[in-house]
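Asker: The numbers in numbering that gives the first Met the number 0 rise by one with no breaks, and the one at position 52 of the sequence shown is 51. Ideal placement from N, C-alpha and C gives every residue a C-beta, glycine not left out.
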Amino acid sequence: MEAVYNNVENRKDWIINELISLDIYKMSDGRHLYEVPLDDLEEAYHGIRRKVSNC
């Protein structure tokens, strides 16, 4: 279970760092990135990547 937790935390940290590199520090609802569950972060990240790639 510890390895799964570390993988989730590593994935979450990676996504947060990617969003910060795009100057995104909070979710659209005002929550700080570190307060958001991984699923919500992934959804937001993929949505932003789609918008960026369409430009």
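From what residue to what residue does the alpha helix (DSSP H) around D83 run?
Answerer: The question about residue 83 has no answer, for the chain in this structure spans 0 to 54.
Asker: Can you tell which of V7, S52 and E17 has the C-alpha that lies nearest to the C-alpha of Y44?
Answerer: On the sequence shown, residue 44 is found 45 positions in, with the first residue counted as 1. Minimum Cα distance to Y44 is reached at E17.
Asker: Measure the alpha-carbon distance for E42 versus E34 and round it to whole angstroms.
Answerer: Mapped onto the sequence shown, residue 42 falls at position 43. Mapped onto the sequence shown, residue 34 falls at position 35. When rounded, the distance between both Cα atoms is 15 Å.
Asker: Considering only their Cβ atoms, is the gap separating L37 from R10 smaller than 9 Å?
Answerer: In the sequence shown, counting from the first residue as 1, residue 10 sits at position 11. In the sequence shown, counting from the first residue as 1, residue 37 sits at position 38. Yes.
Asker: Going by DSSP, name the residue or residues bridged to K25.
Answerer: For the purposes of this step, residue 25 is identified with residue 26 of the sequence shown, where counting begins at 1. Answer is H31.
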